[in-house]
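Numbering-wise, the sequence shown is residues 1 to 209 according to the UniProt record's numbering.
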Amino acid sequence: MVDFHKRISFSDEAHFWLNGYVNKQNCHIWSEANPQVYVETPLYPEKLTVWCALWAGGIIGPYFFKNDEGHNVTVNGDRYRAMITNFFIPELNNHDVQELGFQQDGATCHTARATIDLLKDRFGDHLISRFGPVNWPPRSCDLTPLDYFLWGYVKSLVYADKPQTLNHLEDNIRRVIAATNVGKSHRKLDVQIGLHPSQPWQSYARNHI
Numbered sequence: 001m002v003d004f005h006k007r008i009s010f011s012d013e014a015h016f017w018l019n020g021y022v023n024k025q026n027c028h029i030w031s032e033a034n035p036q037v038y039v040e041t042p043l044y045p046e047k048l049t050v051w052c053a054l055w056a057g058g059i060i061g062p063y064f065f066k067n068d069e070g071h072n073v074t075v076n077g078d079r080y081r082a083m084i085t086n087f088f089i090p091e092l093n094n095h096d097v098q099e100l101g102f103q104q105d106g107a108t109c110h111t112a113r114a115t116i117d118l119l120k121d122r123f124g125d126h127l128i129s130r131f132g133p134v135n136w137p138p139r140s141c142d143l144t145p146l147d148y149f150l151w152g153y154v155k156s157l158v159y160a161d162k163p164q165t166l167n168h169l170e171d172n173i174r175r176v177i178a179a180t181n182v183g184k185s186h187r188k189l190d191v192q193i194g195l196h197p198s199q200p201w202q203s204y205a206r207n208h209i
């Protein structure tokens, strides 16, 4: 099935730090010379935790994890399931999509039994997740267009005007994501699949999707 990846809704969260901090585990800068620079960061920098789903029809989101008072919070199982139930599934239903798969990584809040049961009720055998009908391989961020395209692209733009408040940063994130061309990410995925036929996508397509 040539276009099977276009029938998957890929999902992920990302942190956006107000001071523009980038996780050094995920971003490396190479240089022929030692730049001899340092960056001062607050001990507890403010951040937003943002979730999106990306599929061939567009981007669902962003969704910002906040409590009832509007304060930013970390993601746990209850909050993740509330987002799926109250935001993602209603948004997906608005698109009237049939037999769309759903992918998520192996974060603990994603793979709690209650979460997997909730997702299986909606997506059945088309759920791609740890502990799901189709297992998502660990440490596979190179396979999801949010990790190798969307988050990096958005972060390259939202700090351009140096936002000084979380509300300003949130507005920037919403604006950039609304203007993002999803076709770019799927062209990149087409290339990756073509160059790496040994990747797990092939067995997913043949056996599950």
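Glycine included, every Cβ here is placed at the ideal spot set by N, Cα and C.
Please name the residue in GLY124, ALA53, VAL73, PHE149 whose C-alpha comes closest to that of GLN104.
Position 104 of the sequence shown, counted from the first residue, corresponds to residue 104. Taking GLN104 as reference, the option from GLY124, ALA53, VAL73, PHE149 with the minimal CA-CA separation is ALA53.
Short of 7 Å in beta carbon distance, which residues of its chain neighbour ALA112, apart from the five on each side in sequence? Order them along the chain.
Working through the sequence shown from its first residue, we reach residue 112 at position 112. Excluding five sequence positions before and after ALA112, the CB atoms of its chain that fall closer than 7 Å to its own CB belong to GLY77, given in chain order.
CB contact flag (LEU169, VAL158, <9 Å)
Walking along the sequence shown from the start, residue 169 turns up at place 169. Walking along the sequence shown from the start, residue 158 turns up at place 158. Yes; because the gap between Cβ atoms is below 9 Å, this pair is in contact.
Tell me the DSSP secondary structure of GLU46 in three-state form.
Along the sequence shown, read from residue 1 onward, the residue named residue 46 stands at position 46. Coil, per DSSP.
Considering only their Cβ atoms, is the gap separating ARG130 from GLY101 smaller than 9 Å?
Along the sequence shown, read from residue 1 onward, the residue named residue 101 stands at position 101. Along the sequence shown, read from residue 1 onward, the residue named residue 130 stands at position 130. Contact: no.
Would you kindly report the start and end of the unbroken beta strand (DSSP E) that includes PRO62?
The sequence position of residue 62 within the sequence shown is 62, counting from 1. From DSSP, the beta strand (DSSP E) with PRO62 extends over 58-64.
Out of ASP12, ILE177, ASN172, which has the shortest C-alpha to C-alpha gap to MET83?
Walking along the sequence shown from the start, residue 83 turns up at place 83. If we check each option's Cα against that of MET83, ASP12 comes out closest.
Taking PHE88 as the reference, give the member of TRP17, TRP136, CYS109, SER9 with the closest Cα.
Here the question's residue 88 lines up with position 88 in the sequence shown. Selected option, being the one with the closest Cα: SER9.
GLY132 burial status per 10 Å Cβ neighbour count (16 or more: buried)
Here residue 132 corresponds to residue number 132 of the sequence shown, with the count starting at 1. With 16 or more neighbouring CB atoms inside 10 Å of its own CB, GLY132 falls in the buried class.
Work out the CA separation of ARG81 and THR115 for me, nearest whole Å.
In the sequence shown, residue 115 corresponds to position 115, counting from 1. In the sequence shown, residue 81 corresponds to position 81, counting from 1. Looking at the two C-alpha atoms, the distance is approximately 6 Å.
Taking the alpha helix (DSSP H) that GLY152 belongs to, which residues open and close that run?
Translated into positions along the sequence shown, residue 152 becomes position 152. Element bounds for GLY152: 151-158.
Here's the rule: buried if 16 or more other CB atoms are within 10 angstroms of the residue's CB, otherwise exposed. What is residue 256?
Lying before the first or after the last residue shown, residue 256 is absent from the chain, which here runs from 1 to 209.
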